Structures are given as structure tokens and as C-alpha cells.
Amino acid sequence: MPDQEDNDTADGVGAVTPLYGEPFDSGLARAEGHHLNADAAGAVAVYEELLTLAESLEDSPDVRFLRAHLLANIASVRLAATDLVAARDAVDRSHALLDGIASAPMGPRGRQLWLELVLRTLIARADLLRRTGHLDEALACLDEAALKLPEFDDPDGLRTAELGLNRVHLLMDRGAWGAAEEQASALLATTPETAVETIPRLLVALGLICSSTGRFDAAEDHFVRAEGRFRLLGDTGEQQTLLAHRAYAAMRRGELDLAERLFAEASAFFERQGWFGDLAVCEQARAFLAGRRGDDAGADGLLAASLERFERLGASIAAADSMLLGAQHAYARGDIDEMKRLAQEARDVYQEREVYERCAQVDLMLARTLEDNLNRTDHGDRERESIDNALSFALPAALALEAARYDFATSHARSEWLRLAEDAIELVFRLVMRRQDQGLLFELAEHRCAGATLALNPSTDTAPAARAEERASVFPNAAMKTYWHDASDDDGHANGTMTLGGVAAEAAASAGLRVSPPPKVRMSAQAGPGRVALQEYIAAAEFRYRRRIVHEEEVPFWITDDMTSRPVVQIRLADAGDLFMTWTWAGGARGFGTGHGLGDEVDRAVRALADALPGAGDAAEGMRRAFTGALADHDSEHRLARTLAEALWPEGLTAQIRQVSERAGRPLVRIQPSPRVAQIPWELLAVDDDDVRLIDLADVVTTAPASLRPRDPSAAATSKSADTDPVVLVLDPRVPGFRADSPLGSVLGPPGSDPELLSLVRRHLDAGAVVPSVATPAEAFRRTDLDRDWLSGALRKGARRLLYVGHVSGAPVEGGQSEDGTLHLSCNAETVGLTEPLRTHRPLSAKDLLLGTLPLRADGKPGARIWPAPARVALIGCESGGDLRFAESFGPATAMLHNGAELVTATRWVLPTSFAFHRLAQLPESVRPLSEAIVAVDAAHEHEDPVHRLGRWQREQLDRWRADGRIEHSPLLWAALTCIVV
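Below is the structure:
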């Protein structure tokens, strides 16, 4: 066996590395050249020639090792060419030879060479097993390799990276996109540049993950980087394979003509080279595209070809994917029996291989065909039974699909995944509406509105109900190249996700905000056992698809301990194509109801409002447009308020509010909006033709998801602030690096120039303690010492209120990351935090408020311990309450709720400053609308019922607006304000 010291004379790809002597060393280099040029036949011919020569030599451990090496190389080439049958034979023969010399005498170098080849054959066998659908067996091979890895001298981590890459592939084939992305990203960050073959393959894996989860720009970025590295390697085959990957991405984003062209080009190459597995994948995808074009004959031919190739290769899961696509085509042409046969055969394969996400894919397809059949035919007395049957398939599968987002480490990835889940969710809502089942609609809305649970400790908060690989199951598209499974430790296997340390662990922890599934929603306000929303469907989903759907925590759907004892109606809204509303009365009133807004009408109303709000364009132009828009003119504003009410508000609910108001006094309306309608000023809705607004009939408060409720109410109660605790005032803090007239400059003007605000500070000074300590009211404004450390100290000492007036930067809704919203204190760039600096200033992000220093160091603390929020918090800044526009509400306002606040007053959109009123509406400087709003919020927070007190001020503003139509009384400012509670 070769036992010489390392020889570093190789000077590039194709160079001859002395190892076995001639003709073997030059033959190995020549075969590698063929392989890189995608000439599988040429490479195998050279290896076979060398193998024949090796077999003619006198038998010895060294010769057996040489033969094992050649067979391992043949297996690698066969695998690359998707010749799985021949690859299996080569892997088995190589592994047998290596086992036979395991006990032979070896020097240290020989032992390392033997270990390296053993690792290669184990990884190759795992690759082969995965491609043929033997997922658990593939995982066992990787686990066996992981056990041998510590013996192998791998200073650069090359084999470690290769093993990690294969685990990523297994996760991808299981559809565990979140876990696969996290592990691939961590590997990419830690794999040395010397791993020239592994790095581009990691980039390809990340590109496929992003393509499969709706992030196409990121996918193309990964593909471009991979292409450059393959080009440097001279790897023609991988460069061509990238065509198929790009075709898949184009197909997923709807560019079907481009996808067809790229798949056709890739198919031609694969057919020329004899790479029939890759060719079958392209045929499967082209069959899907042909079906979309209406070419049924072409689709059937391509599907038959792909199915025959997959079956010949033994790729059972890939073959089942073709069956599933065939079932869809059979239904489209009306062949129900064939559809059932193919679907059942595919599902049997998925069930046998424990590929539960594909089982769910079949169930969703069956549910869609049942709905389609309901639309086409009259089921008569059996319609209810047919709907129930469709729901029994659709609802558990949709729950599992939606819950798959919790695998992802970033809210952006989760947001994009939810877009892929929309079709399934919309199907469920359509079926529920067709069933005319208000109870089920209530439960569905409660589950959808419960909200994700912040996972500060992933090891406990995200612990699965089932095995790790089962938790990761989601639904990939049928027309895709990957087929594999996550790791498990329940059966003695090594965990599929690597444990990272040091810099890698910090990078992984700071990558995003982790969440776990929503809490169980108990459909009763009373403690104790009771029905949980969707309980039988959740149980079915968790059993069928081995995925956790809800968190172990249980919360009541209704908490009536509001700040008043008056009648209360809780309204929840859910987006599912159309807009769905449920409401329930409590507090002395009884009743419930549901509403349904057509998606097109809702979208038109929301667009009309967006056009009237500041910030529709760039900041300056958007504000200028708002001062001439619908909210700045009384007649236009009334038309907009009526449009919003007609699209969003049921007349029956208005009638109930009137009845309750007449009998029991002004009710409290608690509204949890869906992301689509989170900017709606509900108070402003004109609920009839006589210009009666909702705020005329009721007080209105916004509610956040139930997942934000304190998990330990007793602890929250003991931490309540005393009445003698100070009020913390953060009034227009000076932002480092920004002048007073810059974008992050002064909000309130020069200190001491606003008598109303000076009076506000004076009242607090006269009433008790104020933080920061000031001698005169003017000293409270434009301070330079109000940074995050100061705020932490002030809040941890105890405070009864926090009043923040300053800049707030909202996160872009399309990015999906509400936690990127920031407050601008006086923090300089050197301040430690979780968001990037702006010039010489580092903003305080909602992610900071939530995670604290947990991602930054081993002894880090959660944000709630660093910045504990007082009971009442006011965040008066631009769109400080925009959290609810996101699928996951973790922005500045909801972060304060998470950290202990009971009520947060925030804004729904960008606020015009008093200076904007002076400049754009020519108001005299003595009129300060923003100052009046600040004073109103401050007074409300001092009142025992802040919601009612703020609503009273808003009604006064509305009355003035009706009376004189003056811009300073327009809803442009006062309707932006809302109180948010849990």
C-alpha cells in the first residue's frame, strides 16, 4: 500500500501526482481530465484499462488498495453520469476490497490513505442510496462515515465539508429547505478555499434551495458564483448541469419559455453524454411544461420516457414524482381511473420511503380534484360529504405546508415560503366557505392569527414532536432534480445538522430571527381542558406528515380582562386570496359573526388608501403627494372612508355595535388585522351613508397575535411598575452623524421652541420622577446621551411609562423581516448591536430588543432582560406600528409587547412633522399638529383607560375636520395613531 510522505509537486488540474508509479499515476491524471470534460465514457475506459492491469498483478494488500481506488473513481464517474446500476457495482466491489485489507499492516500514511478511500466509498454509497430512494440507509452510511472521520487527518476540513454537503443533499431531498439552507450556509462560511470542488457544489445547493423556496434573485447569485468556480476547474459537465438548474428556477418563477429552452439544451447535452438520470429529470420537467402549453400528447410521451428511465435506474422516488405528474395530466384529460391509479402508486412509494411531504402533495392534488369536481357536477344530497372529504385531505396538508416555514432561520425565507403555501391555504378557505361552517371558519382564523412563537432557545422552543427528519418534511415540486431525508438521533444516527462553534456559531445565530409554530388556541376563555382550534386536523397533519403544527403552549382565544368592563368585540382578519373576518362579543354582550371580502375589492380599497398616505414614493415626494391626496380633502377623504368600509366592514357588525351601544354603552372594538389590511385606519371607516364613522360608535384598539402574550402571567404580574416609578422620556434624541436638517435630523425643531412640549415635560417634572434627570424642560430635547445602554439602565431600574418621540425606520414589507425596524437613539457606530451602522450611528433594531446579546456571546442575555418594557409605551415615529403588515410581527411595537408592555401606542404610516405642515400646507408656525398629537398620547397614557382617552381626542379631531376641513385636523396625522395590545 502506498505509504510515502506527502508530495506537493502537483501544480494544477491534470498534473501527475506520484502515488502508484507508472502507468497508473499518468493514467489517473488522464482519466480525471476526461471526467472534467464531461467525457464519462473516456474516463471509465481509462480506469477500466488500469483496473485490468492491476488485476494482472500479484495479489497483495497494496494491489487490492489500488483496485479499490480505481473502482471508487469509476463509481464517482458513474454517479456523475447517473449510471446508478454500474455505480452500485463499482462501489460494492471497492468497499469489499477495502474491508478485506482493513487489518493489513499499514504505516501512518497508508492508514490515512485507506481511511480517505473508505470515507469516499461510504459517501458514494450514501449518494447512490439516496438517488435510489433508500433514504434511511443513505443516512446510515453518512453516520458511519462520521464515526470514522475523527481518525482521519483532515487539517483543511475537505472531507468534513464533503460529508456536510452530502447531508445538505439529504435534507434537500426530504424537502427540509430551512435546515438544508442553514447547514449549507454554515458550511460555506467555514469550508476552506482549498476545497475547490466542494464550494461550487455548496453554491449550487444553495441556489436550488432558494429556487425551491421562491428567492430567485438569490438563487441566480449562487449559480453565477458556482459557474465561475466550475469554469476555473475546467469542469464542463457541471457547467452544463447548471443549465438544468437555471431552467428549474425559470420554471418556478413562471418564465416558461426560458425554462423550455434551457431544459431542451440541457437535455441534448445529457443525451449525448449518456447521462440518463439527468435526462429523465429534464424530461419530467418538460412534460410539466408541455402540459401547461396544452400539448397533452407531448406531455404524456415525455412522462413515459422519464418514468421508464427512472424505473430502469432504480430511482423509485423520482419515478413516483413522474407518476404524480402523470396523475395530474390524467385528471386534466378526464381519465379519473388512471389518475387514481397513478396517484395511489405514487403515494404508496412515498409512504414506504417515509417521504411524507410527497404524501401531502398527493393529498393536496386529490383535494383540488375533488373541489374541481364539485364545481363541475351537482353532488346533490352528498355535497356536504364531498366537501368534508376534500377538507380531510386539504386542511391537514395545508397546515403542514404552512408549518414548514418554521424550519427556516430567517423571516425573509419564511415569508417567501408562505407565498408558495398560499394556494393550499386559499383552497382550504374556499372549502370551508362552501361548507358554510362558521365554527370551522372561526377556528381556522384563530389558528392563522395566533402568530409564530419567538424561539430564543432553539434547542427547546423548536423541539419537534416527531423525529428531526420528520419535522423537516415539506413539499417540493414534482418536477425537480433532488430526491432525499434529514438526520435523526432517535435511531442512533448522528444528527443531520452539524453542531457549530466559535465564529460559525455566532454567524449562524445572528443570521435571522428564529421562530417556532404558533401556540395551541383553546376555544374557551376558561382555564382547564377544552377544545383546541382545528384539533382533529392538527392531529391528522402531525400523524400523516410527521411535522409539528402547533407549539406545546396553549392560550385561550379570548382574554376579557381588558382595561374596562364594558362590552368588547374581538375581530380577527385572515388573508387567503379573499379577506375573511370573524368576531365574538364578550363583556356583557353575546353574539358572533363572520364576514367575507372579495380579494379584488379589498385590494382596490387598500391601494386607494396607500395612494393617499405619505411615503408612497420617495420620502419628500411621497409626503408632498399626501398633502394633496385623499386624506387632505374632506370630500375625498369621505369617499375613501366609505370605499374602505364597503370593502372591509360587514353591515351586520355595524348593526350589532349600534345595538350594544344603545343597551350597554360604547363598546370596545379589538381588531387584529391581517397583513394586507394592517394600515387601515379602522376608526375612520364610514359605516353608513350618513358619514357615521366607526369611532363615533366605539373605541378601537389593535390587537397583536396571541403568541406575544406572556408565557408566565404570574411573573408578568409581579414585574408591573409601581405608580411612583419614573416616566422615561426620549424626546427627539440627537442621532450621531446627522445634522438637524438631515433625514435623521430633528423631528421637533430646536429645543425650547415648542411651548406645548415644554409644558408636557414641566407637568411630568411637577408630578414626580422623570428620566433623564433635567433641571429645565428644554434639557429633555435633542440630547446626545440617550443611547441603548442608557435606555437599558433606565428601564431596568423600573419605569411606569416610556415616551419615545423620534425617528423610526420601518423594514420593507417585501423583505418579510419586521425585526429590521429600528429606533434611532444616540448610539454611535462602535456600539455593539445586530444591525449595520449608518454613517457614525448604529440604530437600535427590534431584533436587538428581542434577542439582546444572545447571538453575540455565549453568556448573552435576551432583550427582555436588557430592555424590559414598562406597562405603557408610546413610540411616536414613522410607521412605528408597521409590524402587523408582516406575516411575522416582530417589529419595534410588538417587541415592546414581548418585553412586557401591556399597551403600545404606535403609528400605522409615516408621520408628517409640524414642519411638514408649515412647509407643504403653509400653516403658521404657531400651529403644531404633531405636538398636539404627542400631548394627546401622553395624556392618554396617564389615564386609567388610555384607549378611550385617545379615542376621545380622535373624535374631537374628526368633529373639527367635519366642521372646517382644515388640514391640521385631517386624518393624515391623527388616524395614524393606534393603541396595540395583546
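With this note's numbering applied, the sequence shown corresponds to residues 84 to 1065, in that order. Positions of the beta carbon are idealized from the N, C-alpha and C atoms, including for glycine. This structure is a prediction, so every number in the text was calculated from the model and none was measured.
Checklist entry - Fully enclosed by the region 416 to 458, which beta strand (DSSP E) runs are 3 residues long or longer? => result With a minimum length of 3 residues, no continuous beta strand (DSSP E) run stays inside the region 416 to 458.
Item to check | Candidates P995, G671, R687, of which the one nearest G748 by Cα | outcome: Nearest option by C-alpha distance: G671.
Next on the checklist: Using 8 Å as the threshold, is the C-beta distance between S1014 and T990 below it?
Outcome noted: Not in contact: S1014 and T990 (Cβ atoms no closer than 8 Å).
Checklist entry - According to the neighbour-count rule (16 or more other Cβ atoms, all chains shown, within 10 Å of its Cβ), is D782 buried or exposed? => result With 16 or more other Cβ atoms inside 10 Å of its own Cβ, D782 counts as buried.
Item to check | Three or more C-beta pairs below 8 Å linking the region 349 to 358 and the region 149 to 160 | outcome: Contact fails: fewer than three Cβ-Cβ distances are below 8 Å.
Checklist entry - Is the beta carbon of A483 less than 8 Å from the beta carbon of R630? => result Going by C-beta atoms, A483 is nearer than 8 Å to R630.
Checklist entry - What are the partner residues of P639, as DSSP defines its beta bridges? => result Answer is R605, bridged to P639.
Next on the checklist: In the DSSP assignment, the alpha helix (DSSP H) including I763 goes from what residue to what residue?
Outcome noted: Careful: I763 lies outside any alpha helix (DSSP H) and carries neither H nor E.
Checklist entry - Just checking my contact of P951 with L934 at CB under 8 Å: how many whole Å lie between their CB atoms? => result With 8 Å as the limit, P951 and L934 do not qualify as a contact, their Cβ atoms being about 15 Å apart.
Item to check | Boundaries (first-last residue) of the beta strand (DSSP E) holding G74 | outcome: This structure leaves residue 74 out entirely; the chain is present only between 84 and 1065.
Next on the checklist: Using the three-state DSSP reduction, which class does N911 fall into: helix, strand or coil?
Outcome noted: Looking at N911 - three-state DSSP - the assignment turns out to be strand.
Checklist entry - For Q322, which residues from the same chain have a beta carbon less than 7 Å from its beta carbon, with the 5 sequence-adjacent residues on both sides left out? => result By the criterion of a C-beta distance shorter than 7 Å, Q322 is surrounded in its chain by E310, F313, R314, once the five residues flanking it on both sides are discounted.
Next on the checklist: By alpha-carbon positions, which one of I778, F710, L425 ends up nearest to A724?
Outcome noted: Minimum Cα distance to A724 is reached at I778.
Next on the checklist: Determine whether the beta carbon atoms of A744 and L780 lie at a separation below 8 Å.
Outcome noted: Checking the displayed sequence, the identity of residue 744 turns out to be Ser instead of Ala. Yes. Within cutoff.
Next on the checklist: Whole angstroms are fine: how far does the CA of R208 sit from the CA of P796?
Outcome noted: Note that P796 scores a pLDDT of 43, beneath 50, so its modelled location is shaky and nothing firm can be said.
Item to check | contact_flag[the region 141 to 152, the region 179 to 189] where n(CB pairs < 8 Å) is 3 or more | outcome: Cβ pair count under 8 Å is three or more, so yes.
Next on the checklist: Using 8 Å as the threshold, is the C-beta distance between H412 and D378 below it?
Outcome noted: Result no, Cβ atoms of H412 and D378 do not sit closer than 8 Å.
Next on the checklist: I need the straight-line Cα distance from L1056 to L994, nearest angstrom please.
Outcome noted: Those two C-alpha atoms are separated by around 6 Å.
Checklist entry - Taking C-beta to C-beta, are A533 and V604 nearer than 8 Å? => result When the beta-carbon positions are compared, A533 and V604 come within less than 8 Å of each other.
Item to check | Residue(s) in a DSSP beta bridge with S928 | outcome: In the DSSP output, where bridge partners are listed per residue, S928 has T905.
Item to check | Stretch pair the region 316 to 332 + the region 280 to 292: three plus CB contacts closer than 8 Å | outcome: For the pair of segments examined, the region 316 to 332 was found to touch the region 280 to 292: the number of CB pairs separated by less than 8 Å reaches three.
Checklist entry - Can you name, in chain order, every residue of its own chain whose Cβ lies under 7 Å from the Cβ of D870, other than the five neighbours on each side? => result Correct list, in chain order: L908, S909, C910, T914.
Checklist entry - Where does the unbroken beta strand (DSSP E) through L662 begin, and where does it stop? => result 661 to 669 is the extent of the beta strand (DSSP E) around L662.
Checklist entry - Measuring CB to CB, does L167 end up less than 8 Å from R203? => result With contacts defined by Cβ atoms closer than 8 Å, L167 and R203 do not form a contacting pair.
Next on the checklist: Just to confirm, is the Cβ distance from E303 to F491 under 8 Å?
Outcome noted: Taking a C-beta distance under 8 Å as the contact criterion, E303 and F491 do not qualify as a contact pair.
Item to check | According to DSSP, residues forming a beta bridge with I654 | outcome: Note: I654 sits in a beta bridge opposite W666, I754.
Checklist entry - Taking the alpha carbon of R242 as the point to measure from, which residue in R465, G381, A228 has its own alpha carbon closest? => result When each option's Cα is compared against that of R242, the closest is A228.
Next on the checklist: Please state the DSSP three-state secondary structure of A551.
Outcome noted: The pLDDT assigned to A551 is 36, lower than 50, so where the model puts this residue is not dependable; a value taken from the coordinates is nonetheless given after this. Residue state, collapsed to three classes: helix.
Item to check | Own chain partners of N249 with C-beta closer than 7 Å, once the 5 adjacent residues on each side are dropped | outcome: Same-chain partners within the cutoff: I206, A209, D210, L225.
Item to check | Residue from A380, C293, A169, G898 whose Cα sits closest to the Cα of G397 | outcome: Put simply, of A380, C293, A169, G898 the residue whose alpha carbon is nearest the alpha carbon of G397 is A169.
Item to check | Span separating the alpha-carbon of H117 from that of T281 | outcome: Between H117 and T281, the C-alpha separation is close to 19 Å.
Item to check | Reduced DSSP secondary structure (H/G/I, E/B, other) of V818 | outcome: It is coil, neither helix nor strand.
Checklist entry - Exposed or buried, what is V813 when buried is set at 16 or more other beta-carbons lying within 10 Å of its beta-carbon? => result The residue is buried, with at least 16 neighbouring Cβ atoms inside 10 Å.
Next on the checklist: Between D773, R940, E1027, which has its C-alpha nearest R883's C-alpha?
Outcome noted: Scanning D773, R940, E1027 for the CA closest to the CA of R883 turns up E1027.
Item to check | Nearest-angstrom Cα separation, counted from V857 out to G851 | outcome: If you take the alpha carbons of G851 and V857, they lie about 12 Å apart.
Item to check | Simplified DSSP state of Y103, which is helix, strand or coil | outcome: The answer is coil: DSSP assigns Y103 none of H, G, I, E or B.
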